[in-house]
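Residue numbers (this note's numbering): -19 to 150.
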């Protein structure tokens, strides 16, 4: 939602913030480990227990913990994979904006998402976390996200307030 109505894409928050703010922030132990980037993607941990913590700042809130588990399993699979070419140290703001606007309706976003899930699945082949990829595979196969659900609710109910109340009353 944006300015009291539906936005023409899936996530106005991601569309506006990408490139201006970190998509992810990783807390590291030493200054030598920091990645020089704008916006900052790494930060020195304030306390020892914070070392290795990852903040996913670009994610909109989610009411399904299975999706969070899937995203963490996807991340784990991509970290373990050694075959994927063309990895970027800094997120591509343009691709984030295309995804925020069109999601899986964009062929490149869909095909690359499919490829990433396949790579993670192969990397996690003997790992019990493999099962956590299932909700992501369902989202990809249906090409429907929580945003699609909210848009449909809004179109049926005609009000942002009613849509939000309905989405939290399941």
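For each residue, glycine too, the CB sits at the ideal point set by N, CA and C.
Problem set entry | Proximity to residue 58 [Cα-Cα], best of 35, 13, 101, 116 | 101
Problem set entry | Buried or exposed by the 16-neighbour rule on C-beta atoms within 10 Å, applied to residue 104 | buried
Exercise. At which residues does the alpha helix (DSSP H) containing residue 35 begin and terminate?
Worked result: That residue, residue 35, is in no alpha helix (DSSP H); its beta strand (DSSP E) goes 34 to 36.
Exercise. If you draw a straight line from the alpha carbon of residue 114 to that of residue 89, how long is it in whole angstroms?
Worked result: 19 Å
For this session: Report the option in 147, 11, 21, -3 whose CA atom is closest to the CA atom of residue 68.
Result: 21
Exercise. If you draw a straight line from the C-alpha of residue 122 to the C-alpha of residue 129, how long is it?
Worked result: 12 Å
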